[in-house]
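Asks:
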Amino acid sequence: MSHFCRTQTIGLRMRRFLGIVLLVGIFVATAGMGPALRGKVYIKTLEGRHYQLIADGRPYVVKGVCYNPVPIGQTHDYDFWNDPKEPWLLDGALMQKMGVNTVRFYQPGDDLEATKRVVRALYEKFGIRTMMGHWLGFWNYPAPFYDDPAFRQKVKDDVLAMVKALKDEEGILFWCLGNENNLSFGGNINPWSSERIDRMEDPRRCLLARAEVYYAFVNDIAKAIHKVDPDHPVAMGNGETVCLDVAREHAPDVDILGVIMYRGKTFGNIFASLRSTYDKPLVFVEFGADAYNAVTQEEDEDMQAFFLKSQWSEILANVAGKTEGEGNCLGGAAFEWTDEWWKHDEGAAALRHDTASNWSNSAYYMDIKAERNMNMNEEWFGIVRLSEEKESGVDKRTPRKAYYEIRELWKGESI
Amino acid sequence: MRKVLSILLLAALVAFCRQGLYAAEGKAFCVYTDNRSPDNHYIPSGWMGDTGDISMDDKYMGEPHAGSTCIKFVYTARRSGGQGWAGVYWQNPANNWGSKKGGFDLTGLNKLTFWARGEKGGEIIDKFCVGGIKGTYPDTTEVSIGPLELTSTWQQYTINLAGKDLSYIVGGFCWVANADYNLEGLTFYLDDVRFDADATLKPEAKKAAAMPFYIYADKGGMVNHFIPAGWMGDYNDLKINLGSDENPYFGETCIRIAYSNEATNGARWAGIYWQNPANNWGSIDAGYDLSQAKKLTFWAHGEKGGERIEEFKVGGIMGDFSDSDTAAIGPVVLEKDWKKYEIDLSGKDMSFIIGGFCFSTNLDVNPDGATFYLDEVRYE
Numbered sequence: 001m002s003h004f005c006r007t008q009t010i011g012l013r014m015r016r017f018l019g020i021v022l023l024v025g026i027f028v029a030t031a032g033m034g035p036a037l038r039g040k041v042y043i044k045t046l047e048g049r050h051y052q053l054i055a056d057g058r059p060y061v062v063k064g065v066c067y068n069p070v071p072i073g074q075t076h077d078y079d080f081w082n083d084p085k086e087p088w089l090l091d092g093a094l095m096q097k098m099g100v101n102t103v104r105f106y107q108p109g110d111d112l113e114a115t116k117r118v119v120r121a122l123y124e125k126f127g128i129r130t131m132m133g134h135w136l137g138f139w140n141y142p143a144p145f146y147d148d149p150a151f152r153q154k155v156k157d158d159v160l161a162m163v164k165a166l167k168d169e170e171g172i173l174f175w176c177l178g179n180e181n182n183l184s185f186g187g188n189i190n191p192w193s194s195e196r197i198d199r200m201e202d203p204r205r206c207l208l209a210r211a212e213v214y215y216a217f218v219n220d221i222a223k224a225i226h227k228v229d230p231d232h233p234v235a236m237g238n239g240e241t242v243c244l245d246v247a248r249e250h251a252p253d254v255d256i257l258g259v260i261m262y263r264g265k266t267f268g269n270i271f272a273s274l275r276s277t278y279d280k281p282l283v284f285v286e287f288g289a290d291a292y293n294a295v296t297q298e299e300d301e302d303m304q305a306f307f308l309k310s311q312w313s314e315i316l317a318n319v320a321g322k323t324e325g326e327g328n329c330l331g332g333a334a335f336e337w338t339d340e341w342w343k344h345d346e347g348a349a350a351l352r353h354d355t356a357s358n359w360s361n362s363a364y365y366m367d368i369k370a371e372r373n374m375n376m377n378e379e380w381f382g383i384v385r386l387s388e389e390k391e392s393g394v395d396k397r398t399p400r401k402a403y404y405e406i407r408e409l410w411k412g413e414s415i
Numbered sequence: 001m002r003k004v005l006s007i008l009l010l011a012a013l014v015a016f017c018r019q020g021l022y023a024a025e026g027k028a029f030c031v032y033t034d035n036r037s038p039d040n041h042y043i044p045s046g047w048m049g050d051t052g053d054i055s056m057d058d059k060y061m062g063e064p065h066a067g068s069t070c071i072k073f074v075y076t077a078r079r080s081g082g083q084g085w086a087g088v089y090w091q092n093p094a095n096n097w098g099s100k101k102g103g104f105d106l107t108g109l110n111k112l113t114f115w116a117r118g119e120k121g122g123e124i125i126d127k128f129c130v131g132g133i134k135g136t137y138p139d140t141t142e143v144s145i146g147p148l149e150l151t152s153t154w155q156q157y158t159i160n161l162a163g164k165d166l167s168y169i170v171g172g173f174c175w176v177a178n179a180d181y182n183l184e185g186l187t188f189y190l191d192d193v194r195f196d197a198d199a200t201l202k203p204e205a206k207k208a209a210a211m212p213f214y215i216y217a218d219k220g221g222m223v224n225h226f227i228p229a230g231w232m233g234d235y236n237d238l239k240i241n242l243g244s245d246e247n248p249y250f251g252e253t254c255i256r257i258a259y260s261n262e263a264t265n266g267a268r269w270a271g272i273y274w275q276n277p278a279n280n281w282g283s284i285d286a287g288y289d290l291s292q293a294k295k296l297t298f299w300a301h302g303e304k305g306g307e308r309i310e311e312f313k314v315g316g317i318m319g320d321f322s323d324s325d326t327a328a329i330g331p332v333v334l335e336k337d338w339k340k341y342e343i344d345l346s347g348k349d350m351s352f353i354i355g356g357f358c359f360s361t362n363l364d365v366n367p368d369g370a371t372f373y374l375d376e377v378r379y380e
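Structure, rendered in C-alpha cells:
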C-alpha cells in the first residue's frame, strides 16, 4: 500500500469515527433536550441585529405556503378540517417533497379538536409545522368594532380559546393575529369607526385613531397569549407597511411582524426600512403571483414561477447570517398551495375555474396591459393546480413550474 | 511559446470580431444625413400617441444643419386621439413594433448624436431615445435623454450608449413630446442623426441629484422633472393643466387638476404618477437618484375646500426596475387656501426613483368630483 493509499484509508477511518461521534452527539443533544426545549419556539437576536427563529433548539427558516384546501364546488365556509377525505395527507406528502416546512392557516375551524388533528397529522407524518392565524373578527358582519370594548373582549376570548386548545401541539410554530386588518383604517376595506373617532372629523386623525385602537388591541392579545403560552411567539399580519410607525408605539409586545405584500418581482426596501419603523423579525405571511396571464388569456406557469423565484430569492438573501441582506427575515408563506375555484364568484361558479380578474397590480407587469389593467386572477395562485379528476378521493393536484423551481432554490440554499 | 502566441492571436481576433462590423470599419452608422441618402438606416414609420397631431417633411430645405435637407416636424398638441402626447420611432423594417425580426447589430458603437433646433426656441421634447421597442423580438436596450428644451439655433445632442447592449436594435431613434408642456404645439427640426464609436466615452454613472429638485415650479420650465404620464383608474375623468394661471402660489403658473364624477372607466378612483421617462411603469432603467432628499414638499388647495385626496405619494412603482422605496401622506382634506404639505423621507432609500410624485382619490369621498391645484412640488 502506498503512502498515498494509507493516508486515504486513515482519512476514511477518521471520517467514519467522526461521523459516529457526531451521531452520538446529536442523539445525546436531542435526548437531553427534554420537554423544556421540545416544542419551544423563540426568536434569537444575533450580532448585527440579525433575527433567527429557533424551533426545538435549532434555527428554522419558514419555507411555507398558505393552506386553505377548499375542494372544487365548495366555498369559503367549507369546513375542510372535518373533510373525511383528509386532503392534508395528499398535500402534506407533496409539500414534503418540495421542501415546505410550514403551512399557514388563516383561522382554526370551529371544531378545535378537528383542527388539532390536522395540525398533528401534518407535523407527525410530514414534519410540517403550523403558523396558526386568527382573523380577529375582521370578517364579522357588520363591520369589526375595534373601538368597542365588548367586541374586543369577545375576539380576545376566542383567540385565547384557540391558544389554549392548540398550544401543546408540537406542530404549532407561532400564532398570527389578523390579516390586513390595518387596511381598514382608511376605510378602503371593511370600514369601521365609532362616535368617538368620527368626532375627530379630519380623516387623517381618524385613520391614526383607528390604528392606535387596533394595534393596542393586538398588543393586549399578544401579552395575554404570552401568559398562557410562553413557548410560541406572536406575529401580527399587516397589509404592506401601512401604519407600522403607529404599531411601533402601540404594539411593542408583538414578537414578529407578518407582512402581506404583493410587489411583483421585489419586496423593495422593506428589509432595511423596517429598522426605522418597526424593528421586528419579519416573516412574509402572504406573497406570491398568479399563474394566469390576463393578456394572453392562458395559464402562464412561467410568469408565476418567475415572480415566486425572485421573491423567494430576496427572502433567503435576508435571513439571519446572510451577509448580503439585513438578516431580519424569518422566511415566508407563499400564497398559496392550491388554486381556489370559489374565489371570484361563489355559488354555482365555484364549480368553474374563473379566468376573470379581481384586481389590478402593475407590479405584476407581464400582463398589466390586460383590459382595464385587471391582471390579478385570484383563483389561480396555487403552486399546485386542481382538477376535477380525483386522486385518493380528492381533487387531483398537479404541481406547477413554481413547485419545481422553488424546490431547487431551497435545495441550493444552506439554510 | 508558439502555442501561447497562437492563443493570444486567437483571443485578439475574437475580441476584434466582437467589436462589431461598424466599429471594426471605423464608420458611422447613419440614421439620417439627407433625404434619400444611401447612408440612411431605419424608417420614421412608428408614429405614436396622437398621430393626427404630427406632420413630417423629411426633405425640408430651410436651413439644414448640413447637406441640403433636414427633417421638419410639426406637433399641433390638439390631442386628436385623446392621448395628450405624440412621437415617432425610426424602425427597421418599417412599422416593426417587435413582431418580426429586423433591426441592426450596432455592437461596437457607443453613442448616438443628432442636431436639433426649435422653430422659436423653448420647445420641450420629453425624450429622445434609442431602442425600447418591446414585442416578441425586443430591442436589447433602451436609453433616453430628456426632457430637453430646444433652442432656435442648431445644437448637437448626445445619447451615451457606452456599456449598453446594442446587439439588436429595431428602434434606432425616437422622439416624444406632450401637449401639457407644449400647449400651443411645437415645430422642430432634426438633422445628422448617427451612431458612432467614441473610444473616450465612459458609461454614464447616475449621480445623486442636487437639492432642491423640482417636480413642478412653473409651466414648461426646464427645472421641472418627471412627467405626469401615469394616469390610473378612471383616467378619462381627469384633466390636468400644467399651465394654470389661476392664483398660483408662486411664479406664473400652477397645476390644475379636475376630476369628474363619471367613473368613465368603471374604476371609481383615479390618480396620476409623475414618471421618468413618461409611461415608465418599471420597464425602463431610468429615474433619478434622490438619495439627498430629506422630504418632498408641495403646496395644494381645493377649488371649494373639502376636496379629499386619499394619498399623495413618492416612489412605489414596482416593475422589472422598481423604485427603491416609497412614502406617502393621506388622506388629506384640502382647504380653499394654499397650504403646504410634506412627505417625510427620513430613513427612506431614495436612490432610484421612477415615480417622483403621485396622487390618488376616489368617488366615495368625492361624490361630486374634485378640482384642486398644486404648486412648488419639490424634493428638499
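Keeping their order, the protein sequence lines are chains W and P.
With the numbering used here, the residue at position 291 of the first sequence is 291, and numbering never jumps.
With the numbering used here, the residue at position 318 of the second sequence is 318, and numbering never jumps.
Glycine is no exception: its CB is placed at the ideal position from the N, C-alpha and C atoms.
Predicted, not measured: the structure shown is a model, and the values here were computed from it.
What separation, rounded to the nearest whole angstrom, lies between the Cα atoms of T136 (chain P) and W97 (chain P)?
Replies: Approximately 9 Å between the Cα atoms of the pair.
Asks: Got a sec? Which residues, its chain only, sit under 6 Å from A258 (chain P) by beta carbon, not counting five neighbours each side?
Replies: Around A258 (chain P): K239, T371.
Asks: Could you check the C-alpha separation between G34 (chain W) and L177 (chain W) for me, to the nearest Å?
Replies: Annotation note: pLDDT 47 at G34 (chain W) (below 50); position unreliable, coordinate value reported separately. Roughly 29 Å separates the two Cα atoms.
Asks: Quick one: Cα of L242 (chain P) to Cα of D375 (chain P), how far?
Replies: Looking at the two C-alpha atoms, the distance is approximately 10 Å.
Asks: Cβ closer than 9 Å: which chain W residues qualify as neighbours of S283 (chain P)?
Replies: The answer, in chain order, is Y365.
Asks: Is the separation between the beta-carbon of A328 (chain P) and that of W85 (chain P) shorter than 9 Å?
Replies: No. Outside cutoff.
Asks: Is there at least one Cβ from chain W nearer than 9 Å to V332 (chain P)'s Cβ?
Replies: Judged by the 9 Å Cβ criterion, V332 (chain P) is in contact with chain W.
Asks: Should E47 (chain W) go down as buried or exposed, given a rule of 16 or more other Cβ atoms within 10 Å for buried?
Replies: Answer is exposed; the Cβ neighbour count stays below 16.
Asks: Once DSSP output is grouped into helix, strand and coil, what is the label at K220 (chain P)?
Replies: Per the sequence shown, the amino acid found at residue 220 (chain P) is Gly instead of Lys. The answer is coil: DSSP assigns G220 (chain P) none of H, G, I, E or B.
Asks: Give a yes or no on whether the minimum CB-CB distance between D202 (chain W) and chain P is below 9 Å.
Replies: So yes, D202 (chain W) belongs to the interface.
Asks: Return the chain-ordered list of same chain residues with a C-beta closer than 6 Å to the C-beta of T323 (chain W), the five sequence neighbours on each side being excluded.
Replies: Correct list: empty, nothing qualifies.
Asks: Using 9 Å as the limit for Cβ to Cβ distance, is I368 (chain W) near chain P?
Replies: Yes, its Cβ sits closer than 9 Å to a Cβ of chain P.
Asks: Between the segment 39 to 50 of chain P and chain C, which residues of the former have CB atoms less than 8 Å from a CB of the latter, in chain order?
Replies: Although the question refers to chain C, the structure presented lacks it and instead comprises the protein chains W and P.
Asks: Going by DSSP, what residues sit across from T51 (chain P) in a beta bridge?
Replies: None, per the DSSP bridge assignment.
Asks: With distance defined between alpha-carbon atoms, name the residue in W:Y214, W:V254, W:I225, W:V100 nearest to A165 (chain W).
Replies: Checking every option, the nearest Cα to that of A165 (chain W) belongs to W:I225.
Asks: For the segment 205 to 223 of chain W, list every residue whose C-beta sits within 8 Å of some C-beta in chain P, in sequence order.
Replies: Under the 8 Å Cβ criterion, the segment 205 to 223 of chain W contributes L207.
Asks: Within 9 Å of any Cβ in chain W, is that where the Cβ of Y22 (chain P) sits?
Replies: The pLDDT assigned to Y22 (chain P) is 49, lower than 50, so where the model puts this residue is not dependable; a value taken from the coordinates is nonetheless given after this. No, its Cβ sits nowhere closer than 9 Å to a Cβ of chain W.
Asks: Of all the options W:D253, W:G171, W:E388, which has the alpha carbon lying nearest to the alpha carbon of R397 (chain W)?
Replies: Selected option, being the one with the closest Cα: W:E388.
Asks: Helix, strand or coil for L150 (chain P) per DSSP?
Replies: Coil at L150 (chain P), not helix or strand.
Asks: By the 10 Å Cβ neighbour count, where 16 or more other Cβ atoms means buried, how is Y141 (chain W) classified, buried or exposed?
Replies: That one is exposed.
Asks: Which of the residues in the segment 262 to 289 of chain W, read from start to end, lie with their CB under 7 Å from any CB of chain P?
Replies: Listed in sequence order: R263, G264, K265, T266, G268, N269, A272, S273, S276.
Asks: Relative to chain P, which residues along the segment 372 to 390 of chain W have a C-beta separation below 9 Å, given in chain order?
Replies: Correct list: R372, N373.
Asks: Please return the same chain residues whose Cβ sits closer than 8 Å to the Cβ of N265 (chain P), not counting the five positions on each side in sequence.
Replies: Contacts found: G233, D234, Y235, N236, D237.
Asks: Are the CB atoms of D157 (chain W) and G137 (chain W) nearer to each other than 9 Å?
Replies: No, Cβ-Cβ distance for D157 (chain W) and G137 (chain W) is not below 9 Å.
Asks: Cβ atoms of V130 (chain P) and F173 (chain P): under 9 Å apart, would you say?
Replies: Cβ distance < 9 Å, so F173 (chain P) and V130 (chain P) count as in contact.
Asks: Nearest to T130 (chain W) by alpha carbon, out of W:L173, W:Q74, W:C243, W:P203?
Replies: For the residues W:L173, W:Q74, W:C243, W:P203, the minimum Cα distance to T130 (chain W) belongs to W:L173.
Asks: Looking at C-alpha atoms only, which residue of W:T338, W:K125, W:W380 is the closest neighbour of V65 (chain W)?
Replies: Taking only the C-alpha atoms, the option nearest V65 (chain W) is W:T338.
Asks: Whole-angstrom Cβ separation of E311 (chain P) and S360 (chain P), contact assumed at under 8 Å?
Replies: Right, their Cβ atoms sit about 5 Å apart.
Asks: Hey, is the segment 320 to 340 of chain P in contact with the segment 370 to 385 of chain W, meaning 3+ C-beta pairs nearer than 8 Å?
Replies: Segments in contact, no.
Asks: Taking one C-beta from the segment 46 to 60 of chain P and one from the segment 69 to 78 of chain P each time, how about it: are there three or more such pairs within less than 8 Å?
Replies: With the cut-off at 8 Å, the segment 46 to 60 of chain P and the segment 69 to 78 of chain P touch.
Asks: Of all the alpha helix (DSSP H) runs that stay within the bounds of the segment 98 to 138 of chain W, which reach a length of 4 or more residues?
Replies: Fully enclosed alpha helix (DSSP H) runs of 4 or longer: 112 to 126.
Asks: Measure the alpha-carbon distance for D105 (chain P) versus Y42 (chain P) and round it to whole angstroms.
Replies: Roughly 13 Å separates the two Cα atoms.
Asks: Taking K339 (chain P) as part of the alpha helix (DSSP H), name the residues at either end of that continuous run.
Replies: First-last for K339 (chain P): 339 to 344, but that is the beta strand (DSSP E), not the alpha helix (DSSP H).
Asks: Show which residues of chain W have a CB atom less than 7 Å away from the CB atom of G347 (chain P).
Replies: The contacting residues are S273, S276.
Asks: Is there contact here, the segment 43 to 62 of chain W with the segment 328 to 344 of chain W, by at least three beta-carbon pairs under 8 Å?
Replies: Taking 8 Å as the limit for Cβ pairs, the verdict is that the segment 328 to 344 of chain W does touch the segment 43 to 62 of chain W.
Asks: Please list the partners that S362 (chain W) has in chain P, where partner means a Cβ-to-Cβ separation under 8 Å.
Replies: Residues of chain P passing the Cβ test: W281, G282, I317, M318, G319.
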